[in-house]
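Residue 1023 is where the sequence shown starts when you use the working numbering, and the numbers rise one by one after that. Just so it is clear, CB atoms sit at the ideal spot from N, CA and C, and this is done for glycine as well.
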Amino acid sequence: MKIGLMGGTFDPIHIGHLLAAQSVCEELGLDEVWFMPANVPPHKERPVGAAPHQRLEMVRLAIEGHDRFRTTAVELEKGGVSYSIETVLLLRNQYPGHDFYYIIGADMVRYLPKWVRIDELTGLVTFVGLQRPGYEAGLDGLPQHIRAAVRLASMPQIELSSTLIRERKAAGLPVRYMVPDRVNHYIEVNRLYET
Ligand code: ATP
Ligand code: MG
1023 MKIGLMGGTF
1033 DPIHIGHLLA
1043 AQSVCEELGL
1053 DEVWFMPANV
1063 PPHKERPVGA
1073 APHQRLEMVR
1083 LAIEGHDRFR
1093 TTAVELEKGG
1103 VSYSIETVLL
1113 LRNQYPGHDF
1123 YYIIGADMVR
1133 YLPKWVRIDE
1143 LTGLVTFVGL
1153 QRPGYEAGLD
1163 GLPQHIRAAV
1173 RLASMPQIEL
1183 SSTLIRERKA
1193 AGLPVRYMVP
1203 DRVNHYIEVN
1213 RLYET
């Protein structure tokens, strides 16, 4: 099976993430996309806003009913800093027959050379890079051996980030339609991101 891996903090998940997954799923003919909330992301300093179990629950609520989307808590269960190489090795071990496509937004593409054990990772997954407003998803700056492991896909551009969602909640503004209804409801009931 062809499996898309959608890593992220998902603090919270928003329609940009969902449309990214859906677009790649269609364009590459993936069988499934697995959403993998990171425990502690390697590249972020900020203490996360919502608790790990809340980020996971919001992902679950967001994809509920989609027959190709799944949630995996593999990085949360492992604990510590979530390095993609460790996650991918684990998944390859558990599912030796699958081909993995690691989906990343344009902001991540240019940092690929900095990913821990990237030279190993490029042999284990195909990266799928997506344009994202405000970022250039060009492959020009990448070393040839990394570039060879990345293919680009397209999606309708969504100028949204979890940061913007958190900022809007902190300012008392609505995030309706920026996140799925059920996620919006969960954020309200649990009073997430209010301060
Ligand atoms: P934050 O503002 O907290 O960094 P984020 O919106 O960037 O949140 P992440 O959880 O950091 O969300 O990102 C998970 C993945 O989704 C990353 O690969 C990121 O590039 C991608 N992504 C996030 N938002 C978009 C978007 N609007 N369009 C395309 N890709 C996106
Ligand atoms: Mg981000």
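From A1084, A1060, L1027 and G1071, residue whose alpha carbon lies closest to that of H1207: Mapped onto the sequence shown, residue 1207 falls at position 185. Taking the Cα of H1207 as reference, the smallest distance to any Cα among A1084, A1060, L1027 and G1071 is reached at A1084.
- request: Indicate whether the contact test is met: 3 or more Cβ pairs, each with one atom in the segment 1188 to 1196 and one in the segment 1159 to 1179, closer than 8 Å.
  value: Segments in contact, no.
query: To which residues of the same chain is G1038 closer than 6 Å at the C-beta, ignoring the five residues directly before and after it?
result: Position 16 of the sequence shown, counted from the first residue, corresponds to residue 1038. Listed in chain order, the non-local C-beta contacts of G1038 below 6 Å within the same chain comprise I1180 and L1182, local neighbours out to five positions each way being set aside.
- request: Tell me whether D1121 sits in a helix, a strand or coil according to DSSP, three-state version.
  value: One-based indexing of the sequence shown puts residue 1121 at position 99. If DSSP states are grouped into helix, strand and coil, D1121 belongs with the strands.
task: List the DSSP bridge partners of R1056.
output: Here residue 1056 corresponds to residue number 34 of the sequence shown, with the count starting at 1. A small fix is needed here, since residue 1056 is Trp in this sequence, not Arg. According to the DSSP secondary-structure assignment, W1056 is paired through a beta bridge with L1027 and R1092.
task: Would you check whether the ligand ATP has a heavy atom nearer than 6 Å to the C-beta of H1075?
output: Position 53 of the sequence shown, counted from the start, is the residue given in the question as residue 1075. Distances between the C-beta of H1075 and the heavy atoms of the ligand ATP are all 6 Å or more.
- prompt: Between A1060 and E1086, is the Cβ-Cβ spacing less than 7 Å?
  reply: Within the sequence shown, the letter at position 38 stands for residue 1060. Within the sequence shown, the letter at position 64 stands for residue 1086. Pairing A1060 with E1086 gives a Cβ-Cβ distance that is not under 7 Å.
field: L1052 Cβ short of 6 Å to the ligand ATP heavy atom set
entry: Walking along the sequence shown from the start, residue 1052 turns up at place 30. Taking non-hydrogen atoms of the ligand ATP into account, the C-beta of L1052 is found less than 6 Å away from none of them.
Option in H1167, E1158, G1163 and I1107 with minimal Cα separation from V1138: Here the question's residue 1138 lines up with position 116 in the sequence shown. Among H1167, E1158, G1163 and I1107, the Cα nearest to that of V1138 belongs to I1107.
message: Assuming L1134 and L1113 are in contact, meaning their beta carbons sit under 8 Å apart, how far apart are those beta carbons, in whole angstroms?
response: Reading the sequence shown from its first residue, position 112 is the one you call residue 1134. Reading the sequence shown from its first residue, position 91 is the one you call residue 1113. The Cβ separation is near 19 Å, so there is no contact.
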